[in-house]
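*Asks:* I am attaching a structure below and will ask some questions about it afterwards.
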């Protein structure tokens, strides 16, 4: 049987008649999970998210529950902040755009549940400057949610209160890096911070414990709490649980965003995306966004145990793409066929990095201009 | 600094949203640039005073972020940004760019002399599956073809005449 999508986060997106207003969202069961969450204890939610195996969808794939449960400094006495990273700028990635533009309340519900789970009363949503409509949609959605009592004081009649502030970026790619984002949110140039401290969860915004999560990660929280971690962790495969939204672009029959469980590269590129353009052959794929290592379709790959596998057999998930020596990153897959000059294509990406270098460190600031 | 009352009202609403005033520097720059089209030295000093910052620290944010423009980089009334990063490039973004240069009579990376249009290449606009894409002020146009740009050019010209009437 041909491989298929499994739409959980995108269940309602692009469905006829589905709109971004709150009534449509609640009619489809929206904000019911928030009510369920508010009846749980915050640490129960953290443990659920940890047990679900949810890994960060922004790039590094760090286990979300470990960040929440084990890394946040709860002894400092300082306020804990939550930041939703919607500075989607990695070349090839356009999944957060769909979630924000087409189902904003799902993200807001995810943020409020996550804020409750982590004792957060002020959350920020950092959205890139180049998504002005997205920022507008979110601001309107937050206002609607406030009117209905899902944002602000005494959320859904509980004693939990939380505000969400939409903060627009200024067109700098580096703000997708969490410490650069935090510096920018503090009103400074977005130079990433020198480590240690290693995690914003220990010292982040205003040197207070801060959780930074990607849009897709926060949307997943709604479904983990909704269906329970036991059911969620059965989706996908161990260590790669849940679905992921893969963004396929470039020279392929059906480019687009596809929400899938772990499957092979062949299943994604042929069954789902329809294969190469007529008369062409695939040549190379950048698997997880512009900064991830490019994969040659004709190469034989070898995992750590020495087992050989072809490009078609690569599993499209965190561990599968890592086994091929690259990374799943922000799940932005750029496909090139035999009409493409690969050095030229990589030169295009290098020009991106030269333009977007934040300028803090000499090797990147000067070196990226040499190519 | 004579800002419009609605801009001032937005600013008064924005500042208290942040635990520390300085965090409001980017939203304030957005509000001022939206009204004026660029960030003047006067605006930098005004924002600095408003947020208890040194003007140099406001300037350093303005110069870091490409979106914030000073007087010599003022953008035209209609800002046209053509994505040129890999996925859009593979689908013909540079041809779209060349064609827009010709049709709009505006050099890439520049503004028209009358200040009506600014045409620029932009880095990844995060809509790679529907490339090539062009952002015209706040709106995104997708799946463009170099041979079929008349509709987009009409749209840009309509926007210019609307802005002229304001």
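Chains as they are written, first to last, in this note's numbering: chain A, 141 to 511; chain B, 1100 to 1265. Where a beta carbon is used, it is the ideal one built from N, C-alpha and C, also for glycine.
Can you pull the chain A neighbours of residue 1205 (chain B), defined as C-beta to C-beta under 8 Å?
*Replies:* Those do not exist, as residue 1205 (chain B) stays about 20 Å from chain A at its closest Cβ, beyond 8 Å.
*Asks:* Residue range of the alpha helix (DSSP H) that residue 241 (chain A) falls in?
*Replies:* From DSSP, the alpha helix (DSSP H) with residue 241 (chain A) extends over 235–242.
*Asks:* State whether the segment 465–479 of chain A contacts the segment 197–217 of chain A, with contact taken as three or more CB pairs (one from each stretch) at a distance under 8 Å.
*Replies:* Yes, they touch.
*Asks:* Are the segment 241–261 of chain A and the segment 1141–1151 of chain B touching, with three or more C-beta to C-beta distances below 8 Å?
*Replies:* Short answer: they don't touch.
*Asks:* For residue 518 (chain A) and residue 456 (chain A), I'd like the C-alpha separation in whole angstroms.
*Replies:* Shown here, chain A extends from 141 to 511; a query on residue 518 (chain A) therefore has no answer.
*Asks:* Which residues share a DSSP beta bridge with residue 265 (chain A)?
*Replies:* In the DSSP output, where bridge partners are listed per residue, residue 265 (chain A) has A:224 and A:306.
*Asks:* With H, G and I counted as helix, E and B as strand and the rest as coil, what does DSSP make of residue 218 (chain A)?
*Replies:* Residue 218 (chain A) falls in the coil class under three-state DSSP.
*Asks:* Which first and last residues belong to the alpha helix (DSSP H) in which residue 286 (chain A) is found?
*Replies:* Where residue 286 (chain A) is concerned, the enclosing alpha helix (DSSP H) stretches over 272–287.
*Asks:* Given this structure, state the Cα-to-Cα distance separating residue 1108 (chain B) from residue 260 (chain A), to the nearest angstrom.
*Replies:* C-alpha separation (whole angstroms): 28 Å.
*Asks:* Taking its Cβ as the centre, do 16 or more other Cβ atoms sit within 10 Å of residue 349 (chain A), making it buried, or is it exposed?
*Replies:* That one is buried.
*Asks:* Just tell me which of A:489, A:272, A:253 and A:473 has its CA closest to the CA of residue 422 (chain A).
*Replies:* When only C-alpha atoms are compared, the closest one is A:473.
*Asks:* Show which residues of chain B have a CB atom less than 8 Å away from the CB atom of residue 472 (chain A).
*Replies:* Correct list: 1227.
*Asks:* Do residue 292 (chain A) and residue 298 (chain A) have their C-beta atoms within less than 8 Å of each other?
*Replies:* No, they are not a contact pair.
*Asks:* Is the beta carbon of residue 317 (chain A) closer than 8 Å to that of residue 346 (chain A)?
*Replies:* No; because the gap between Cβ atoms is not below 8 Å, this pair is not in contact.
*Asks:* May I ask you to report which of helix, strand or coil DSSP gives residue 1302 (chain B)?
*Replies:* Past the edges of chain B, shown from 1100 to 1265, lies residue 1302 (chain B), and the structure says nothing about it.
*Asks:* Return the residue from the list B:1180, B:1168, B:1190 and B:1136 that minimises the CA-CA distance to residue 1228 (chain B).
*Replies:* Comparing Cα-Cα distances from residue 1228 (chain B) to each of B:1180, B:1168, B:1190 and B:1136, the minimum goes to B:1190.
*Asks:* Between residue 340 (chain A) and the rest of its own chain, which residues show a CB-CB distance below 7 Å, the 5 nearest in sequence each way excluded?
*Replies:* Cβ within range, chain order: 318, 319, 322, 350 and 352.
*Asks:* Residue 203 (chain A) bridges to which residues according to DSSP?
*Replies:* For residue 203 (chain A), which the question treats as bridged, DSSP gives the partners A:195.
*Asks:* In angstroms, rounded to a whole number, what distance separates the CA positions of residue 1124 (chain B) and residue 1110 (chain B)?
*Replies:* The alpha-carbon atoms of residue 1124 (chain B) and residue 1110 (chain B) are separated by roughly 10 Å.
*Asks:* Leaving out the 5 sequence neighbours to the left and right, which residues in its chain are closer than 6 Å to residue 150 (chain A) when beta-carbon positions are compared?
*Replies:* Cβ neighbours of residue 150 (chain A) beyond the five flanking positions: 399.
*Asks:* Compare the C-beta of residue 233 (chain A) against all C-beta atoms of chain B and say whether one is closer than 8 Å.
*Replies:* Yes, residue 233 (chain A) counts as interfacial toward chain B.
*Asks:* In the DSSP output, which residue or residues are listed as bridge partners for residue 384 (chain A)?
*Replies:* Residue 384 (chain A) pairs with A:400.
*Asks:* Compute the Euclidean distance between the alpha carbons of residue 1259 (chain B) and residue 1209 (chain B), then round it to the nearest angstrom.
*Replies:* Going from the Cα of residue 1259 (chain B) to the Cα of residue 1209 (chain B) covers about 16 Å.
*Asks:* Would you verify that the beta carbon of residue 1118 (chain B) is, or is not, closer than 8 Å to some beta carbon of chain A?
*Replies:* At least one chain A Cβ lies under 8 Å of residue 1118 (chain B).
*Asks:* Which runs of the beta strand (DSSP E) fall wholly inside the segment 397–461 of chain A and span at least 3 residues, in chain order?
*Replies:* Counting whole runs of 3 or more residues, the segment 397–461 of chain A contains the beta strand (DSSP E) stretches 422–426, 440–442 and 448–450.
*Asks:* Roughly how many angstroms lie between the CA atoms of residue 188 (chain A) and residue 402 (chain A), to the nearest whole one?
*Replies:* Approximately 22 Å between the Cα atoms of the pair.
*Asks:* Please report the straight-line C-alpha distance between residue 1172 (chain B) and residue 1219 (chain B), rounded to a whole angstrom.
*Replies:* Straight-line Cα distance between these residues: approximately 12 Å.
*Asks:* What residues from the segment 1176–1196 of chain B come within 7 Å of chain A, judged by C-beta to C-beta, listed N to C?
*Replies:* Flagged, chain order: 1184, 1185, 1186, 1188 and 1189.
*Asks:* Between residue 1122 (chain B) and residue 1175 (chain B), is the Cβ-Cβ spacing less than 8 Å?
*Replies:* No, Cβ-Cβ distance for residue 1122 (chain B) and residue 1175 (chain B) is not below 8 Å.
*Asks:* Quick one, are the C-beta atoms of residue 1161 (chain B) and residue 1147 (chain B) less than 8 Å apart?
*Replies:* Against a cut-off of 8 Å, the Cβ pair of residue 1147 (chain B) and residue 1161 (chain B) comes out as no contact.
*Asks:* Shorter than 8 Å from the beta carbon of residue 1129 (chain B) to some beta carbon of chain A?
*Replies:* Output row for residue 1129 (chain B): interface = yes.
*Asks:* Say whether chain A places a C-beta atom closer than 8 Å to the C-beta of residue 1125 (chain B).
*Replies:* It does; some Cβ of chain A falls within 8 Å.
*Asks:* Given residue 1202 (chain B), which residues of its chain have a CB within under 7 Å of its CB, disregarding the five upstream and five downstream residues?
*Replies:* 1248 and 1252.
*Asks:* What whole-angstrom Cβ distance do residue 212 (chain A) and residue 265 (chain A) have, given they're in contact under 8 Å?
*Replies:* Between residue 265 (chain A) and residue 212 (chain A) the Cβ distance is about 19 Å, and since that is not below 8 Å, they are no contact.
*Asks:* Would you mind giving the Cβ-Cβ distance between residue 426 (chain A) and residue 236 (chain A), rounded to the nearest angstrom? I have them listed as a contact below 8 Å.
*Replies:* About 18 Å separates the two Cβ atoms, so there is no contact after all.
*Asks:* Tell me, please, whether the segment 271–286 of chain A touches the segment 1177–1185 of chain B by the rule of three or more beta-carbon pairs shorter than 8 Å.
*Replies:* They do not touch, by the three-pair rule.
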